[in-house]
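**Student:** Got a structure for you, questions after.
In our numbering, the protein residues as written are 23 to 419.
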């Protein structure tokens, strides 16, 4: 019997925020094709072209201005600095710098540039920069009575660290406390397997939700598949889906729905960075960064931590998890040495128990259903307790 999925779209059923504006100075990004390409990633943002006399007025203007300059030509750099000082209050300027050097980049940052990108700038780099800046534009779309469940992003240091399996088990542990209000959302669009790990192959997927053309007031707590533990599951697409298929505006609405319908949602992300994954991390209350104990994985974790810092996402709680630890790994790479390299200790260390975990995955059940009282079960339970909203509030206080 096929499941009829109520469509979830991202249109005009809720109060709209005032539309953000991005002005692109002629020549900063190349031709109109480049501007159109980046604009397509931000459907709820108005892009406009500015001439070289920007800004026109101190009273009104775009929220963000993208300007270009040649670092080897002092007059161009001076002109950008002069214009930045005459921008209306609150306007952020992104400078795309040709022939860049350290001194010029630092000067532009000191003079007030919100970001300095090296030319030719790649579309992902520009998208990430705009996403970060747009996330701080006042929106006012959520009323004071809106339900605000927690969003916990699960970020992988790299492939093969067992983050998805860990996310499913954490969700089951959290559901023991509040079975009616826990969700795990698999947004690994190409290789997500959360629904398979929980033996829900026919679960509603993110692709199903995006296929609707009109919005019915969907209640996700009723529409999504339910595991026997009580966890609701939003599955990854059944077929490979382009990473660019998900837009930031769609993420905004999806996260709002998840906050409304669940007290806690674990969002399993791919290890790659895109505009929309950056948006999920921006909206998340906490981030769980999962790695394993090896030199390559620790270096990848360092890289992810640097990226989180560069995107100003280190202002929220970031939990470091060393997953599937065994004695052979410790003999090769001591845990203390890895923590020293990271500059901080792991918040949780999950021991390896390959047989129990694989049996749980193959049966689609929690690890305690395979074998009770294991070190693996206890470690996951301790991490789940750390992720409970009450524990998080206490930690913040």
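Beta carbons: idealized from backbone N, C-alpha and C, even for Gly.
Just to confirm, is the Cβ distance from residue 22 to residue 118 under 8 Å?
**Tutor:** Residue 22 lies beyond the range of the chain shown here (23 to 419); nothing can be said about it.
**Student:** Quick check on the burial criterion: 16 or more other C-beta atoms within 10 angstroms. Buried or exposed for residue 314?
**Tutor:** Buried, because 16 or more other Cβ atoms sit within 10 Å of the Cβ of residue 314.
**Student:** How should residue 262 be labelled, buried or exposed, when 16 other C-beta atoms within 10 angstroms of its C-beta is the threshold for buried?
**Tutor:** exposed
**Student:** Going straight from the alpha carbon of residue 359 to that of residue 343, what length do you get?
**Tutor:** Cα to Cα, the separation comes out at about 15 Å.
**Student:** Along the chain, where does the alpha helix (DSSP H) that runs through residue 378 open and close?
**Tutor:** 376-385
**Student:** Roughly how many angstroms lie between the CA atoms of residue 161 and residue 277, to the nearest whole one?
**Tutor:** Because residue 161 carries a pLDDT of 45, less than 50, the predicted location of this residue cannot be relied on, and the following value inherits that uncertainty. Each residue's alpha carbon lies about 15 Å from the other.
**Student:** Under 8 Å, do residue 401 and residue 367 count as touching if we go by C-beta distance?
**Tutor:** no
**Student:** Between the alpha carbons of residue 139 and residue 306, how many angstroms are there, rounded?
**Tutor:** 26 Å
**Student:** Got a sec, what are the start and stop residues for the alpha helix (DSSP H) residue 198 sits in?
**Tutor:** 185-199
**Student:** When DSSP labels each residue in this structure, what does residue 101 get in the three-state scheme?
**Tutor:** helix
**Student:** Looking at the secondary structure, which residues open and close the beta strand (DSSP E) in which residue 72 lies?
**Tutor:** 67-72
**Student:** Per DSSP, residue 45 is paired with what?
**Tutor:** Per DSSP, 70, 87.
**Student:** Does the contact criterion of 3 or more C-beta pairs under 8 Å hold for the segment 138-157 versus the segment 281-290?
**Tutor:** At 8 Å Cβ cutoff, the stretches do not touch.
**Student:** Are the CB atoms of residue 216 and residue 245 nearer to each other than 8 Å?
**Tutor:** no
**Student:** Is there contact here, the segment 292-308 with the segment 89-104, by at least three beta-carbon pairs under 8 Å?
**Tutor:** no
**Student:** What residue range does the alpha helix (DSSP H) around residue 354 cover?
**Tutor:** 349-354
**Student:** For the candidate residues 100, 106, 65, whose alpha-carbon lies nearest to that of residue 83?
**Tutor:** Measuring from the Cα of residue 83, the nearest candidate turns out to be 106.
**Student:** Given a cut-off of 8 Å, decide if residue 102 and residue 193 are closer than it, judged by their beta-carbon atoms.
**Tutor:** Not in contact: residue 193 and residue 102 (Cβ atoms no closer than 8 Å).
**Student:** From residue 378 to residue 392, what does the alpha carbon distance come to, in whole angstroms?
**Tutor:** 6 Å
**Student:** For residue 393, name the three-state secondary structure that DSSP assigns.
**Tutor:** coil
**Student:** Please state if the CB of residue 404 and the CB of residue 363 are separated by a distance shorter than 8 Å.
**Tutor:** no
**Student:** If you pair each beta-carbon of the segment 174-182 with each one of the segment 58-70, do three or more pairs fall below 8 Å?
**Tutor:** no
**Student:** Name the residue from 388, 352, 341 whose alpha carbon lies nearest to the alpha carbon of residue 370.
**Tutor:** 341
**Student:** Hey, residue 150 and residue 272 are a contact pair by Cβ (cut 8 Å); roughly how many whole angstroms apart?
**Tutor:** About 17 Å; that fails the 8 Å criterion.
**Student:** On the CB-based measure, 16 or more other CB atoms within 10 Å of its CB, does residue 181 come out buried or exposed?
**Tutor:** exposed
**Student:** What does a CB cutoff of less than 8 Å around residue 112 pick up in its chain, not counting 5 residues either side in sequence?
**Tutor:** 85
**Student:** So the candidates are 214, 268, 206, 279; which of them puts its Cα closest to the Cα of residue 248?
**Tutor:** 206
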